[in-house]
Amino acid sequence: MWVVTVFEQHSFRIFEYTNQSEAKKALAHFSKNARLSYVA
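By the UniProt record's numbering, the letter at position 26 of the sequence shown is numbered 26, and the numbering carries on one by one without gaps.
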């Protein structure tokens with residue numbers, strides 16, 4: 001599972017994706033305060 005974590009001022013949001021290409025597309029829509037991770 002691929003996870004995009006978006007960090008905001010006082011919180012964070014997590015989005016889960018089943019494949020890497022979907023996760024990378026989503027990551028491109030966020031500002032530089034986001035991270036892409038793989039969870040086995």
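C-beta atoms are modelled at their ideal positions from N, C-alpha and C, and glycine is treated no differently.
Query                                                                                                                             : Result
Cβ neighbours of Trp2 in the same chain (closer than 8 angstroms, five flanking residues each side left out)                      : Glu16, Tyr17, Thr18, Asn19, Gln20, Glu22, Ala23, Leu36, Ser37, Tyr38, Val39
Contact belief for Val6 with Asn33 at Cβ below 8 angstroms, rounded distance in angstroms                                         : 7 angstroms
Cut-off 8 angstroms between Cβ atoms - residues of its own chain near Phe30, not counting five sequence neighbours on either side : Val4, Val6
For Ser31, three-class secondary structure by DSSP                                                                                : coil
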